[in-house]
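Novice: Let me begin by handing over the structure; questions about it come next.
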């Protein structure tokens, strides 16, 4: 190898060494730079990891503590992750396999599929409502806001959503809506006119009744939003005082204070009552409510009541009854003029005083206090009081007391109505004295009747004995004419004796309650049938079983016996009958004694009940029997009458009070 070649190799080698050194130097610089960058990258990585950890913690805290339910799903609806709120809402645990489409009720699935497609295409959905069945099978209405999650290449990889249970909220909204609808329906159908205005007097709500009151042709719904500032001017012609109507409305609205029962009189004579209620919210005026009621009937009724009140006040002031009102402590609060006259005290002297202390003695105080206790129990009663007037004179009052109540039903005292019965009491005392004298006179008269009866019968017995002796002493020597005369004397004596006995019996008939007993009239009839002689041609019938009544047995037997005897005496000679019957009335029994005898002319229907009156001269008749019957019927507050046709028979009717 020549030198040139060797030099060439050396030069090339030197260049190569220089290049290698330069490359090594460059490599060293790059290594130093790489080391520096690596260190910087490590620091950045640590910071990034720290930031990532911080953000992850923050997101985890936000995820776990989110109030609403948060759900992360894949694109087929499988749940990837839920927060605690979602687990509580859905009722499923974090490790349970769950697809949200399985929760949707059948009727909502088509809506969910459509919304899921919108979510996939648009990347989000908001305000989506759907009904789902949670773990306990209860149905809940939920509100969903959802969005798609994309990767770095903007490809959808999952979906996330906020789910809020709005079941109760919707129920409350529906309840509020139902209430609002009911209120609107109520307002529309109220019998009172309603107008609700806002602070600018724009109509918020009204009803048909209001439109009718003011002759408004628009429907209530068309009135909403209209301004009422000038409506008063348009409607004022309906009222008797148009100027007052408009001025009053302006005054009320200007004052913005509650007004109740404001009366308005229309030209046609009808009347309205108006209320104004201002509406404030946090002290800020928000509008007002007008209500109108038709009080025409009530106004007329009140006017009628006022007129009646004035009339009855005048009557009370002038009637013959003393009126007094006392409170619950028996203090007098009101008296009328008649009470002042009865007591002798003036109104000023009585008001505020206790009535029992002013007017009553100790004995009658107890009576009044006892009656006041009844008033406290709500009872009414009547009673007598002995009072003393202002002059100390004793008087008797008949008092009717009743509890007095307030409009709210609270007992506030008593009302007493008093009738002065002093004269009546004096008359009663006189009556008792007269009755005592009359009873004494009756007893003396009965004793006298017994004495007279005995004294009258003694000569008759003597005459009868003398006639008997004369006939025996002259037996066989007396002519037939003389014997006939002696027979007439005997008959006359017998009739005279019967007459005296009947007179004594008639005078002895008096009502004696002590001998009144329950008497079975069927038993009485058995005794009468035994005592009386019924001819063979006469049929005696009791139509139906007779009642048991409370009477004196002797008198009731005497009554029936006299009527039946009378029917027997005046019966026909053949095919005769007597029927006993009765009717049971509300307050009395009506008995009848029917025969088919000779009958009685109508002009004698009253005469036969008079003493000593007889229509036919019969030896056995004294004219007292029917008088006794009437007297007994009178004793029992009854009536007696007859129906008769001469030749066909007679029916006697009489009543006995129950």
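Residue numbers (this note's numbering): 26 to 683. Quick reminder that beta carbons are idealized off the backbone N, C-alpha and C, glycines included.
#1: Could you name the residues of the same chain whose beta carbon sits closer than 7 Å to that of residue 324, not counting the 5 residues immediately before and after it, in chain order?
#2: Decide if the stretch 192–199 is in contact with the stretch 272–284; the criterion is three or more beta carbon pairs, one per stretch, under 8 Å apart.
#3: Mind checking who residue 272 pairs with in its DSSP beta bridge?
#4: Label residue 131 either buried or exposed according to how many other C-beta atoms from any shown protein chain fall within 10 Å of its C-beta, with 16 as the threshold for buried.
#5: Which whole-angstrom value describes the C-beta separation of residue 679 and residue 664, a residue pair presumed to lie in contact below a C-beta threshold of 8 Å?
#6: So, helix, strand or coil for residue 121, using DSSP?
#7: How about residue 671 and residue 624: are their beta carbons less than 7 Å apart?
#8: Label residue 510 either buried or exposed according to how many other C-beta atoms from any shown protein chain fall within 10 Å of its C-beta, with 16 as the threshold for buried.
#9: Looking at C-alpha atoms only, which residue of 257, 503 and 320 is the closest neighbour of residue 240?
#10: Taking DSSP as the reference, what is the three-state secondary structure of residue 241?
#11: Given this structure, state the Cα-to-Cα distance separating residue 640 from residue 633, to the nearest angstrom.
#12: Since residue 235 contacts residue 246 with CB under 8 Å, what's their CB separation in whole angstroms?
#13: What span of residues does the alpha helix (DSSP H) with residue 597 cover, start to end?
#14: Is the stretch 557–566 close to the stretch 584–600, with three or more CB pairs under 8 Å?
#15: Would residue 330 and residue 357 qualify as a contact pair, given that the criterion is a beta-carbon distance under 7 Å?
#16: Can you have a look at residue 222 and say buried or exposed, based on whether 16 or more other CB atoms are within 10 angstroms of its CB?
#17: Using a 10 Å radius around the Cβ and a threshold of 16 neighbouring Cβ atoms, would you call residue 396 buried or exposed?
#18: DSSP three-state label for residue 561, please.
#19: Roughly how far, in whole angstroms, is the beta-carbon of residue 158 from the beta-carbon of residue 117, given that I think they are within contact range, below 8 Å?
#20: Which class does residue 227 belong to by DSSP, given the choice of helix, strand or coil?
#21: Within 8 Å, do at least three Cβ pairs link the stretch 436–446 to the stretch 358–370?
#22: Excluding the 5 residues preceding and the 5 following residue 290 in the sequence, name in chain order all residues of the same chain whose CB lies nearer than 6 Å to its CB.
#23: Would you please state the rounded distance, in angstroms, between the beta carbons of residue 577 and residue 541? I believe it to be under 8 Å.
#24: Going by C-alpha to C-alpha distance, which of 675, 652, 681 and 651 sits closest to residue 662?
#25: Are the beta-carbon atoms belonging to residue 173 and residue 93 less than 7 Å from one another?
#26: Quick one: what does DSSP say residue 458 is sitting in, helix, strand or coil?
#27: Does the stretch 135–144 come close enough to the stretch 107–124 that 3 or more CB-CB pairs lie under 8 Å?
#28: What are the boundary residues of the beta strand (DSSP E) that residue 151 is part of?
#29: Identify the continuous alpha helix (DSSP H) that holds residue 318 and give its terminal residues.
#30: Under 8 Å by Cβ, that's how I've got residue 154 and residue 166 pegged, so tell me the actual separation to the nearest angstrom.
#31: The beta strand (DSSP E) with residue 407 in it runs from where to where?
#32: Where do the N-terminal and C-terminal ends of the beta strand (DSSP E) with residue 619 fall, by residue?
#33: Helix, strand or coil for residue 85? Go by DSSP, reduced to three states.
#34: Taking the C-alpha atoms as reference points, what is the distance between residue 77 and residue 178?
#35: Have a look at the DSSP bridge pairing and note the partners of residue 605.
#36: Just how far apart, CA to CA, sit residue 627 and residue 666?
Specialist: On the basis of the coordinates in this document:
#1: As a working mapping, residue 324 is identified with position 299 in the chain shown. So the qualifying residues of the chain are 296.
#2: no
#3: Counted from its first residue, the chain shown places residue 272 at position 247. According to DSSP, which records beta bridges pairwise, residue 272 is partnered with nothing at all.
#4: Your numbering for residue 131 matches position 106 in the chain shown. So residue 131 counts as exposed.
#5: As a working mapping, residue 679 is identified with position 654 in the chain shown. As a working mapping, residue 664 is identified with position 639 in the chain shown. Indeed they touch by this definition, with Cβ atoms about 7 Å apart.
#6: Within the chain shown, the letter at position 96 stands for residue 121. If DSSP states are grouped into helix, strand and coil, residue 121 belongs with coil.
#7: The sequence position of residue 671 within the chain shown is 646, counting from 1. The sequence position of residue 624 within the chain shown is 599, counting from 1. Yes. Within cutoff.
#8: Start at 1 with the first residue of the chain shown, and residue 510 comes out as number 485. It is exposed - the Cβ of residue 510 has fewer than 16 other Cβ atoms within 10 Å.
#9: Taking the first residue of the chain shown as 1, we reach residue 240 at position 215. Residue 240 has its Cα closest to that of 257, out of 257, 503 and 320.
#10: Taking the first residue of the chain shown as position 1, residue 241 is located at position 216. Coil at residue 241, not helix or strand.
#11: As a working mapping, residue 640 is identified with position 615 in the chain shown. As a working mapping, residue 633 is identified with position 608 in the chain shown. Per-residue confidence for residue 640 stands at a pLDDT of 49, beneath the threshold of 50, marking its modelled position as unreliable; the derived number appears in the next sentence. If I take the Cα positions, the gap works out to 7 Å.
#12: Translated into the one-based positions of the chain shown, residue 235 becomes position 210. Translated into the one-based positions of the chain shown, residue 246 becomes position 221. The Cβ separation is near 13 Å, so there is no contact.
#13: Position 572 of the chain shown, counted from the first residue, corresponds to residue 597. Element bounds for residue 597: n/a, residue is neither H nor E.
#14: yes
#15: Reading the chain shown from its first residue, position 305 is the one you call residue 330. Reading the chain shown from its first residue, position 332 is the one you call residue 357. No.
#16: Translated into positions along the chain shown, residue 222 becomes position 197. Label assigned to residue 222: buried.
#17: Position 371 of the chain shown, counted from the first residue, corresponds to residue 396. Buried, by the Cβ-count rule.
#18: Residue mapping note: residue 561 aligns to position 536 of the chain shown, counting from 1. The answer is coil: DSSP assigns residue 561 none of H, G, I, E or B.
#19: The residue given as residue 158 occupies position 133 in the chain shown. The residue given as residue 117 occupies position 92 in the chain shown. Actually they are not in contact, since the Cβ atoms of residue 158 and residue 117 sit about 12 Å apart, beyond 8 Å.
#20: Position 202 of the chain shown holds residue 227. In the structure shown, residue 227 sits in a strand (DSSP, three-state: E or B).
#21: yes
#22: The residue given as residue 290 occupies position 265 in the chain shown. Closer than 6 Å at Cβ, skipping near neighbours: 265 and 296.
#23: Taking the first residue of the chain shown as position 1, residue 577 is located at position 552. Taking the first residue of the chain shown as position 1, residue 541 is located at position 516. Contact flag correct, Cβ pair sits at about 6 Å.
#24: Position 637 of the chain shown holds residue 662. Closest option to residue 662, Cα to Cα, is 681.
#25: Working through the chain shown from its first residue, we reach residue 173 at position 148. Working through the chain shown from its first residue, we reach residue 93 at position 68. Not a contact, by the Cβ cut-off of 7 Å.
#26: Here residue 458 refers to the residue found at position 433 of the chain shown. Helix, per DSSP.
#27: no
#28: Taking the chain shown and counting its residues from 1, one reaches residue 151 at position 126. Segment 149–158, the beta strand (DSSP E) holding residue 151.
#29: Counted from its first residue, the chain shown places residue 318 at position 293. Looking at the DSSP string, residue 318 is not in any alpha helix (DSSP H); the run it does join, the beta strand (DSSP E), is 309–319.
#30: Indexing the chain shown from 1 puts residue 154 at position 129. Indexing the chain shown from 1 puts residue 166 at position 141. Rounded, the Cβ-Cβ distance is 6 Å, consistent with contact.
#31: The sequence position of residue 407 within the chain shown is 382, counting from 1. Looking at the DSSP string, the run of the beta strand (DSSP E) that includes residue 407 is 406–413.
#32: Taking the first residue of the chain shown as position 1, residue 619 is located at position 594. Segment 613–620, the beta strand (DSSP E) holding residue 619.
#33: Here residue 85 refers to the residue found at position 60 when the chain shown is read from its first residue. With a pLDDT of only 49 at residue 85, under 50, the local geometry of the prediction cannot be trusted, and no value is derived from it.
#34: Here residue 77 is taken as the residue at index 52 of the chain shown, counted from 1. Here residue 178 is taken as the residue at index 153 of the chain shown, counted from 1. In this predicted model, residue 77 has a pLDDT of only 46, less than 50, meaning its place in the structure is not dependable; the value taken from the coordinates is given anyway. So the two alpha carbons sit approximately 21 Å from each other.
#35: For the purposes of this step, residue 605 is taken as residue 580 along the chain shown, with counting starting at 1. Partner(s): 567 and 618.
#36: What you label residue 627 is simply residue 602 of the chain shown in a count that begins at 1. What you label residue 666 is simply residue 641 of the chain shown in a count that begins at 1. C-alpha separation (whole angstroms): 11 Å.
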